[in-house]
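Chemist:
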Amino acid sequence: MDESNKKDQLSRRQFVALTGGTIGLAALGSLGLMAAYTENEREVDPADFKYQENETDVLVIGSGMAGLFAAVKAHDAGAKVMMVSKGRLGSSGLTPFAKGIFAYDEKTSDYSLDEFTAMVSRSALGTNNAVYTRQMAEHSLARVNELREWGFFESNLYNKSFNVPITERNIPLIERVVITHLIKENGRIAGASGFSLDEQKIYFFTAKTVILCTGAGGFKPNGFPVCDLTHDGTVMAYQIGAKVTGKEWNDGHPGRSTNPAASYDGWGDMFDQKPSTTQIEIHHDLGVDLNYRAYKLGNPIQMGPPGQEPGQGAELDGGPFVPEEFRRSGPPGGGGERPGGEGRRGEGPGGRGPRGEGGNRERRRPPRKGDGPPGMQGSLAGGSSAGMAIHKSEGIVPINEKCESNIPGLYAAGDALGSYMAGAIYTQVGSSLAGSAVQGAVAGEAAAAFCQKVAMPVISSSTRKNIETQMLAPLKREAGYSPAWVTQTLQGIMIPNFVLYIKKESMLKAALAYIEELRDHHLPMLRAADLHELRLAHETANMIITAEMKLKASILRKESRCSHYRLDYPELDNENWRAWINIYKEEDGSMQFEKQPFGSWPEVI
Amino acid sequence: MGIIMKTQNKYYKLIPAAALFIGLPLLLWSLGDFPRKSILKEFLSLLTILAFCFMLAQFYFTRHNKYFAKGREFAMVVKLHRYFGFIFIAVLVLHPFFIVLPRFFEAGVDPGDAFVTLITEFDSLGVMLGLIAYGIMILLFVTTFFRNKFNLHYRIGRMLHGYLSVLFIVAGAWHVVNIGRHTSTPFSIYIILMALSGIIHLFLTYFFESKKELSHG
Amino acid sequence: MAISKISGCIGCGTCVQSCPTDVLRLDPKSGKAIIKYVEDCQICHLCRMYCPVDAIVITPEKSIPVIVSWG
Ligand SMILES: Cc1cc2nc3c(=O)[nH]c(=O)nc-3n(C[C@H](O)[C@H](O)[C@H](O)COP(=O)(O)OP(=O)(O)OC[C@H]3O[C@@H](n4cnc5c(N)ncnc54)[C@H](O)[C@@H]3O)c2cc1C
Ligand code: SF4
Ligand code: SF4
Numbered sequence: 000m001d002e003s004n005k006k007d008q009l010s011r012r013q014f015v016a017l018t019g020g021t022i023g024l025a026a027l028g029s030l031g032l033m034a035a036y037t038e039n040e041r042e043v044d045p046a047d048f049k050y051q052e053n054e055t056d057v058l059v060i061g062s063g064m065a066g067l068f069a070a071v072k073a074h075d076a077g078a079k080v081m082m083v084s085k086g087r088l089g090s091s092g093l094t095p096f097a098k099g100i101f102a103y104d105e106k107t108s109d110y111s112l113d114e115f116t117a118m119v120s121r122s123a124l125g126t127n128n129a130v131y132t133r134q135m136a137e138h139s140l141a142r143v144n145e146l147r148e149w150g151f152f153e154s155n156l157y158n159k160s161f162n163v164p165i166t167e168r169n170i171p172l173i174e175r176v177v178i179t180h181l182i183k184e185n186g187r188i189a190g191a192s193g194f195s196l197d198e199q200k201i202y203f204f205t206a207k208t209v210i211l212c213t214g215a216g217g218f219k220p221n222g223f224p225v226c227d228l229t230h231d232g233t234v235m236a237y238q239i240g241a242k243v244t245g246k247e248w249n250d251g252h253p254g255r256s257t258n259p260a261a262s263y264d265g266w267g268d269m270f271d272q273k274p275s276t277t278q279i280e281i282h283h284d285l286g287v288d289l290n291y292r293a294y295k296l297g298n299p300i301q302m303g304p305p306g307q308e309p310g311q312g313a314e315l316d317g318g319p320f321v322p323e324e325f326r327r328s329g330p331p332g333g334g335g336e337r338p339g340g341e342g343r344r345g346e347g348p349g350g351r352g353p354r355g356e357g358g359n360r361e362r363r364r365p366p367r368k369g370d371g372p373p374g375m376q377g378s379l380a381g382g383s384s385a386g387m388a389i390h391k392s393e394g395i396v397p398i399n400e401k402c403e404s405n406i407p408g409l410y411a412a413g414d415a416l417g418s419y420m421a422g423a424i425y426t427q428v429g430s431s432l433a434g435s436a437v438q439g440a441v442a443g444e445a446a447a448a449f450c451q452k453v454a455m456p457v458i459s460s461s462t463r464k465n466i467e468t469q470m471l472a473p474l475k476r477e478a479g480y481s482p483a484w485v486t487q488t489l490q491g492i493m494i495p496n497f498v499l500y501i502k503k504e505s506m507l508k509a510a511l512a513y514i515e516e517l518r519d520h521h522l523p524m525l526r527a528a529d530l531h532e533l534r535l536a537h538e539t540a541n542m543i544i545t546a547e548m549k550l551k552a553s554i555l556r557k558e559s560r561c562s563h564y565r566l567d568y569p570e571l572d573n574e575n576w577r578a579w580i581n582i583y584k585e586e587d588g589s590m591q592f593e594k595q596p597f598g599s600w601p602e603v604i
Numbered sequence: 000m001g002i003i004m005k006t007q008n009k010y011y012k013l014i015p016a017a018a019l020f021i022g023l024p025l026l027l028w029s030l031g032d033f034p035r036k037s038i039l040k041e042f043l044s045l046l047t048i049l050a051f052c053f054m055l056a057q058f059y060f061t062r063h064n065k066y067f068a069k070g071r072e073f074a075m076v077v078k079l080h081r082y083f084g085f086i087f088i089a090v091l092v093l094h095p096f097f098i099v100l101p102r103f104f105e106a107g108v109d110p111g112d113a114f115v116t117l118i119t120e121f122d123s124l125g126v127m128l129g130l131i132a133y134g135i136m137i138l139l140f141v142t143t144f145f146r147n148k149f150n151l152h153y154r155i156g157r158m159l160h161g162y163l164s165v166l167f168i169v170a171g172a173w174h175v176v177n178i179g180r181h182t183s184t185p186f187s188i189y190i191i192l193m194a195l196s197g198i199i200h201l202f203l204t205y206f207f208e209s210k211k212e213l214s215h216g
Numbered sequence: 000m001a002i003s004k005i006s007g008c009i010g011c012g013t014c015v016q017s018c019p020t021d022v023l024r025l026d027p028k029s030g031k032a033i034i035k036y037v038e039d040c041q042i043c044h045l046c047r048m049y050c051p052v053d054a055i056v057i058t059p060e061k062s063i064p065v066i067v068s069w070g
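Chains as they are written, first to last, in numbering that gives the first Met the number 0: chain A, 0 to 604; chain B, 0 to 216; chain C, 0 to 70.
(1) To the nearest angstrom, how far is it from the Cα of Ser29 of chain B to the Cα of Lys4 of chain C?
(2) Using a Cβ-Cβ cut-off of 8 Å, state whether Val108 of chain B counts as contacting chain A.
(3) What separation, rounded to the nearest whole angstrom, lies between the Cα atoms of Arg337 of chain A and Ala241 of chain A?
(4) Report yes if the C-beta of Arg534 of chain A is less than 7 Å from at least one heavy atom of ligand 2; otherwise report no.
(5) Could you tell me which chain A residues have their CB closer than 8 Å to the CB of Asp112 of chain B, listed as they occur along the chain?
(6) Determine the chain B residues that contact Asn155 of chain A at a beta-carbon separation under 8 Å, and present them in chain order.
(7) Skipping 5 residues on each side, what residues in its chain have a beta carbon closer than 6 Å to that of Leu222 of chain B?
(8) In chain order, what are the residue ranges of uninterrupted alpha helix (DSSP H) at least 4 long that sit wholly in the segment 136-190 of chain B?
(9) How far does the beta strand (DSSP E) with Met542 of chain A in it extend, from its first residue to its last?
(10) Listed by chain order, which residues have C-beta atoms less than 7 Å from any heavy atom of ligand 3?
(11) Could you give the DSSP three-state label for Ser431 of chain A: helix, strand or coil?
(12) Chain B beta carbons: is any one of them nearer than 8 Å to that of Lys4 of chain C?
(13) Going by C-alpha to C-alpha distance, which of A:Pro407, A:Gly222 and A:His138 sits closest to Glu386 of chain A?
(14) Please list, in chain order, the residues of the segment 271-287 of chain A that have any C-beta partner in chain B closer than 9 Å.
(15) Let's test the definition: count the other Cβ atoms within 10 Å of the Cβ of Phe206 of chain B and tell me whether it reaches 16, buried, or not, exposed.
(16) Mind checking whether the beta-carbon of Pro19 of chain C lies closer than 7 Å to any heavy atom of ligand 2?
(17) Determine the contact status of Thr205 of chain A and Met470 of chain A, defining contact as a CB-CB distance below 8 Å.
(18) Please report how far the alpha carbon of His521 of chain A lies from the alpha carbon of Val485 of chain A, in whole angstroms.
(19) Kindly indicate which residue of B:Leu93, B:Val108, B:Thr116 and B:Met54 has the alpha-carbon position closest to the one of Gln272 of chain A.
(20) From the DSSP output, read off the bridge partner residues of Gly70 of chain B.
(21) Between Cys561 of chain A and ligand 2, is there a pair consisting of the residue's CB and a ligand heavy atom that are separated by less than 7 Å?
(22) Might you give, ordered along the chain, the residues of its own chain that have their beta carbon closer than 6 Å to the beta carbon of Ala510 of chain A, omitting 5 neighbours on each side?
(23) Identify every residue that forms a DSSP beta bridge with Val80 of chain A.
(24) What separation, rounded to the nearest whole angstrom, lies between the Cα atoms of Gly381 of chain A and Phe449 of chain A?
(25) Please indicate yes or no: does the CB of Ser43 of chain C lie closer than 7 Å to some heavy atom of ligand 2?
(26) Tell me, to the nearest whole angstrom, how far the beta carbon of Glu444 of chain A is from that of Lys72 of chain A; I am working on the premise that it is less than 8 Å.
(27) The beta strand (DSSP E) that contains Leu181 of chain A, what's its start and end?
(28) Compute the Euclidean distance between the alpha carbons of Asp284 of chain A and Cys212 of chain A, then round it to the nearest angstrom.
(29) Cβ of Val437 of chain A versus every heavy atom of ligand 1: is any distance shorter than 7 Å?
(30) Pick helix, strand or coil for Ser195 of chain A, following the three-state DSSP scheme.
(31) With distances taken between CB atoms, is the gap from Ile582 of chain A to Met542 of chain A smaller than 8 Å?
(32) If we define contact as Cβ-Cβ less than 8 Å, is Ile98 of chain B a contact residue for chain C?
(33) If distances are taken between C-alpha atoms only, which option among A:Leu379, A:Gly232 and A:Glu247 comes closest to Trp69 of chain C?
(34) Using beta carbons (cut-off 8 Å, strictly below), is Ile9 of chain C in contact with chain A?
(35) Grab me the residues of Tyr49 of chain C's own chain with a C-beta within less than 7 Å of its C-beta, minus the 5 sequence neighbours each way, in chain order.
(36) Does the CB of His200 of chain B have a neighbour CB from chain C at under 8 Å?
Next up, the structure:
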């Protein structure tokens, strides 16, 4: 490494230290890295867009694990299917990076389905939806077997195997089209609309049903490959009246403090691995324990030798509650093997130590969820997945076990569905991928059945006009805020440990004031010079709305449970809070909240 | 003693060539701002670079080069031209495979699929030039190796060899300049200069020596 | 700086498609891949692993300042 490089790194580390300790709310406008409000130096002419009309029974939005199975199963159930994604099949969203998939075989397992479900519920402190927990396990093996047939387990890259069933069935696949609007006509779903990243073209999809497989999202954080997802599906569905949930929970994956943004390097050689299956192994993991530790003891957290808990030795009282049964004692953590043995993997951050240290090609058991807190040498950084909750704890509220939303014809599956399959904490290793596959299939079949009952909807010309105006607005602005600048500002407000993770009312309210400012005075002034920036503008808008939801839901939940931790309400409150929080948009446009008791379905009028 | 002296003399004459076609490319490679990859990848890259530079050198390792005019040297050059030709054509025949070979040992796209994408990328000028150069190279090899079988008149065979070489080096050099992984500006200049001077050298020999050739047989 | 160099590109466009965050584009003039929006690179290496000729080089540093929660 040459001198300039070293200097670079030094200043970067200082910057990181700065972010951890002192910016945050004070950051608004102070990053000063790029011009905030400037002229829009347009590279494309907003008056010069072509249109493409499409019509289908089932429109699948998203091309990850959930989208794959939604498309395949809807087709096999006799529906005409189309798939659209803002990225590439099997190479966008979180799916490309997940390597462990849960495969439950009742015949060979030591646990029955009921025992498994009960164990997850105990770890999840009631936050899981047992119907979805059970459904995931029940169908996981069948989905894994189909994946095996398509060659999924033969490569670390998934595009080829995902293409097998899609091309076999001639399912039209439209990639690199960013969906910005879901369309509702006469109280039910009528389709969706978006724009291409490659040419000046607006896509309209008229569809009897839409399955959102748009994954989760985050605040374009550093160290977790979720920067292409900004909860688009959730926000689009919210805008047309769908209920969404889970915004108070957090995913607590840490990254590394050297080059914290390098997700590939941070995950050791995990992205290089071919996928494999996991068996029953239930934890209570990767919530905000490390965040609490960093908050209380200072940071960076130094990782000890493998087998030692981070920051071990220091006394630490309080913090997120972990049920006795799932407490780590003795040798876990670090690189310690857990029951389950070699070859299993779930998810877990953190290559152990910088790649250079152990040698590039060194083969080690890939990191997995069981390793959390991760066995990394050196120090950690927090917030690598900021803006994302535990997989499947946030998203569209299902009204039944068929992945259906409260909007007729609108379904969601995988990370886009707030199914609470795992609960508000990571429980079963590898169940996220399996859950997306299973729910995709369930939603696909349900949507295909729904199609048989309804006629093809019509999208009115006034709806089209409105959508086009909203979609292209950032391109049309003569001047405005750069999406990148607004995003950085939002990151400065939301990502600090003392805002998003270790919560207290005063700070949540302060952050909310900033976010409302972005919502009211920046979101309407986002500009875009080209199609890439147009995507960023829409993503930024979605992040602002998500941030508002997260802060408000966090203020509302006056207790601590699983991955939601309140300094001012550190205890479980079973009397008042054995309930999920649903968020929906009132007729007047205001954001409304309701409680839905654990173990119940929402009331639909 | 005498024999050693002779050999020393003979090979001494190759030093400038070695400097020009091995030393200089190595220097450009080591000074260039190229990403350094694994040992295997670097080795394969260097092998390919040197193979191509030797193809450039072939224009000088000919019996018509006055520089190697003496009997002993003459024989040596004829031999070297043949050996270098066969060895480095073999390397260049294999070089498309070198590109995907490391994928057998690391994560990523399947090497077979990568290879198919690579050789069917007909939209790419660089790939098309490569395919053309590859074809000519095979032809060059076949017409030389089986020269006797084809029963070609020596002079026609020589002309054919010369013209094919020119075509090969034009397509090849263009291919390298267009998509070579290591084609920095200095490398491009080097390759273009060497190729041009090689071609000029060849045409000069053809024009000025054609008469002499005829009488020589 | 994240994705940092492309050399030996044959212009197949695979990386453009495979990049989740839309960092790459094909240059209309040369027909080859260019790094157009480096600041959006999430350093995930998908483009590199999908490239048939292994033309892409990625370094672990982000090109813009990085915001973390702690550490
Ligand atoms: C590093 C890492 C490791 C992981 N490890 C594991 C593991 O070992 N085991 C496990 O079970 N889980 C793991 N997970 C979680 C798992 O990857 C996800 O839960 C799962 O893949 C989600 O699949 P999905 O299909 O629901 O969504 P995603 O795969 O996220 O797909 C979302 C899709 O929606 C598309 N999309 C989004 N917005 C739009 C829009 N506006 N317009 C059009 N298209 C859009 C995207 O392009 C993408 O194709 C891991 C995740 C990460 C990041
Ligand atoms: S490393 Fe990932 S984010 Fe960066 S350019 Fe490549 S594919 Fe895109
Ligand atoms: S994948 Fe590789 S060869 Fe294809 S366009 Fe991208 S860099 Fe070029």
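Glycine included, each C-beta is placed from N, C-alpha and C at the ideal position.
Modeler: Result, derived from the coordinates:
(1) Your numbering for residue 29 of chain B matches position 30 in the second sequence. Your numbering for residue 4 of chain C matches position 5 in the third sequence. Taking the straight line joining both Cα atoms gives about 17 Å.
(2) For the purposes of this step, residue 108 of chain B is taken as the residue at position 109 of the second sequence. Yes, its Cβ sits closer than 8 Å to a Cβ of chain A.
(3) Translated into positions along the first sequence, residue 337 of chain A becomes position 338. Translated into positions along the first sequence, residue 241 of chain A becomes position 242. Confidence is the limiting factor: at Arg337 of chain A the pLDDT is only 31, short of 50, which leaves the residue's position unreliable and the question unanswerable from this model.
(4) For the purposes of this step, residue 534 of chain A is identified with residue 535 of the first sequence, where counting begins at 1. No - ligand 2 has no heavy atom lying nearer than 7 Å to the Cβ of Arg534 of chain A.
(5) Position 113 of the second sequence holds residue 112 of chain B. Within chain A, the residues near Asp112 of chain B are Lys159.
(6) Position 156 of the first sequence holds residue 155 of chain A. Those are Ala106 and Gly107, listed as they occur along chain B.
(7) This structure cannot settle anything about residue 222 of chain B, because the visible part of chain B is limited to 0 through 216.
(8) 146-149 and 153-178
(9) Along the first sequence, one-based indexing puts residue 542 of chain A at 543. Run containing Met542 of chain A: none in the beta strand (DSSP E); it sits in the alpha helix (DSSP H), Leu530 to Leu555.
(10) C:Ile5, C:Cys8, C:Ile9, C:Gly10, C:Cys11, C:Gly12, C:Thr13, C:Cys14, C:Val15, C:Leu23, C:Leu25, C:Lys31, C:Ala32, C:Cys46, C:Tyr49, C:Cys50, C:Pro51, C:Val52, C:Ala54 and C:Ile55
(11) Within the first sequence, residue 431 of chain A is the residue found at index 432, counting from 1. In the structure shown, Ser431 of chain A sits in a helix (DSSP, three-state: H, G or I).
(12) As a position in the third sequence, residue 4 of chain C is number 5, starting the count at 1. Answer yes: the Cβ-Cβ gap between Lys4 of chain C and chain B drops below 8 Å somewhere.
(13) For the purposes of this step, residue 386 of chain A is taken as residue 387 along the first sequence, with counting starting at 1. The sequence given here places Gly at residue 386 of chain A; Glu does not occur at that position. The residue with the shortest Cα to Cα distance from Gly386 of chain A is A:Gly222.
(14) Asp271, Gln272 and Lys273
(15) The count along the second sequence starts at 1 and reaches residue 206 of chain B at position 207. Classification for Phe206 of chain B: exposed.
(16) Residue mapping note: residue 19 of chain C aligns to position 20 of the third sequence, counting from 1. Checking the Cβ of Pro19 of chain C against ligand 2 gives yes.
(17) The residue given as residue 205 of chain A occupies position 206 in the first sequence. The residue given as residue 470 of chain A occupies position 471 in the first sequence. Going by C-beta atoms, Thr205 of chain A is not nearer than 8 Å to Met470 of chain A.
(18) Looking up residue 521 of chain A in the first sequence gives position 522. Looking up residue 485 of chain A in the first sequence gives position 486. Spanning the two alpha carbons is a distance of roughly 7 Å.
(19) Numbered from its first residue, the first sequence carries residue 272 of chain A at position 273. Here the closest residue by C-alpha is B:Val108.
(20) Position 71 of the second sequence, counted from the start, is the residue given in the question as residue 70 of chain B. Beta-bridge pairing links Gly70 of chain B to no other residue.
(21) Here residue 561 of chain A refers to the residue found at position 562 of the first sequence. No, ligand 2 has no heavy atom inside 7 Å of this Cβ.
(22) Position 511 of the first sequence, counted from the first residue, corresponds to residue 510 of chain A. These residues qualify, in order along the chain: Ile492, Val498 and Leu550.
(23) Position 81 of the first sequence, counted from the start, is the residue given in the question as residue 80 of chain A. Beta-bridge pairing links Val80 of chain A to A:Val57.
(24) As a position in the first sequence, residue 381 of chain A is number 382, starting the count at 1. As a position in the first sequence, residue 449 of chain A is number 450, starting the count at 1. Using only the alpha carbons, I get a separation of about 44 Å.
(25) Your numbering for residue 43 of chain C matches position 44 in the third sequence. For clarity, residue 43 of chain C is Cys in the given sequence; the question names Ser instead. Yes - ligand 2 has a heavy atom lying nearer than 7 Å to the Cβ of Cys43 of chain C.
(26) In the first sequence, counting from the first residue as 1, residue 444 of chain A sits at position 445. In the first sequence, counting from the first residue as 1, residue 72 of chain A sits at position 73. Glu444 of chain A to Lys72 of chain A, Cβ: 5 Å. Contact.
(27) As a first step, residue 181 of chain A must be located in the first sequence, where it is residue number 182. Unbroken beta strand (DSSP E) run through Leu181 of chain A: Val176 to Glu184.
(28) Along the first sequence, read from residue 1 onward, the residue named residue 284 of chain A stands at position 285. Along the first sequence, read from residue 1 onward, the residue named residue 212 of chain A stands at position 213. In a straight line, the C-alpha of Asp284 of chain A is about 25 Å away from that of Cys212 of chain A.
(29) Numbered from 1 along the first sequence, position 438 holds the residue referred to as residue 437 of chain A. Not under cutoff, so the answer is no.
(30) Taking the first sequence and counting its residues from 1, the one referred to as residue 195 of chain A is at position 196. In this structure, Ser195 of chain A counts as strand in the three-state DSSP scheme.
(31) Here residue 582 of chain A is taken as the residue at index 583 of the first sequence, counted from 1. Here residue 542 of chain A is taken as the residue at index 543 of the first sequence, counted from 1. Contact flag unset, no.
(32) Start at 1 with the first residue of the second sequence, and residue 98 of chain B comes out as number 99. It does; some Cβ of chain C falls within 8 Å.
(33) As a position in the third sequence, residue 69 of chain C is number 70, starting the count at 1. Nearest of A:Leu379, A:Gly232 and A:Glu247 to Trp69 of chain C, Cα basis: A:Leu379.
(34) In the third sequence, the residue the question calls residue 9 of chain C occupies position 10. No, no contact with chain A.
(35) Reading the third sequence from its first residue, position 50 is the one you call residue 49 of chain C. For Tyr49 of chain C, where only same-chain residues beyond five positions count, the Cβ hits under 7 Å are Thr13, Cys14 and Ser17.
(36) Taking the second sequence and counting its residues from 1, the one referred to as residue 200 of chain B is at position 201. For His200 of chain B, the answer is no, since every Cβ of chain C falls outside 8 Å of its Cβ.
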